[in-house]
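Novice: Numbering (the numbering used here), first residue to last: 147 to 222.
Glycine is no exception: its CB is placed at the ideal position from the N, C-alpha and C atoms.
I am attaching a structure below and will ask some questions about it afterwards.
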Amino acid sequence: MKSSIIIRTGMIKAIVFYRKYLSPLKTTTHCRYIPTCSEYAIEALERHGIIKGTYLALKRILRCNPFSKGGCDPVP
């Protein structure tokens, strides 16, 4: 198994862990975007790999703020 696949799988597992155990602890439980930021990050990693997927996920997380109107924002 290539090391990039192992790293990508580890990153996806970390996101799933966050969604399952940490996200429910937040006081605000909804995301402004469709798909949610964590769903977007997983799809970006699966579709584009570690480097570009991480870049796209971080850009999305930075866009997700109280001043953003949100809406439908699919992974390119």
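Roughly how many whole angstroms lie between the Cα atoms of Lys148 and Arg154?
Specialist: Numbered from its first residue, the sequence shown carries residue 148 at position 2. Numbered from its first residue, the sequence shown carries residue 154 at position 8. Near 10 Å, if we compare the C-alpha coordinates of Arg154 and Lys148.
Novice: Does the Cβ-Cβ distance between Cys218 and Arg178 come in under 8 Å?
Specialist: Walking along the sequence shown from the start, residue 218 turns up at place 72. Walking along the sequence shown from the start, residue 178 turns up at place 32. In this structure, Arg178 does not lie closer than 8 Å to Cys218 by Cβ.
Novice: Between the Cα of Val162 and those of Leu208, Gly199 and Glu185, spot the shortest distance and give me the residue it belongs to.
Specialist: Here residue 162 corresponds to residue number 16 of the sequence shown, with the count starting at 1. Among Leu208, Gly199 and Glu185, the Cα nearest to that of Val162 is on Glu185.
Novice: Do you know offhand how far Ile207's Cα is from Cys183's?
Specialist: Position 61 of the sequence shown, counted from the start, is the residue given in the question as residue 207. Position 37 of the sequence shown, counted from the start, is the residue given in the question as residue 183. Taking the straight line joining both Cα atoms gives about 6 Å.
Novice: Since Glu192 and Pro181 are thought to touch, with beta carbons under 8 Å apart, how far apart are those beta carbons, to the nearest angstrom?
Specialist: As a first step, residue 192 is located in the sequence shown; it is residue number 46 there, counting from the start. As a first step, residue 181 is located in the sequence shown; it is residue number 35 there, counting from the start. Not really, about 12 Å apart at Cβ, beyond 8 Å.
Novice: Could you check the C-alpha separation between Thr174 and Lys205 for me, to the nearest Å?
Specialist: The residue you call residue 174 lines up with position 28 of the sequence shown. The residue you call residue 205 lines up with position 59 of the sequence shown. Near 21 Å, if we compare the C-alpha coordinates of Lys205 and Thr174.
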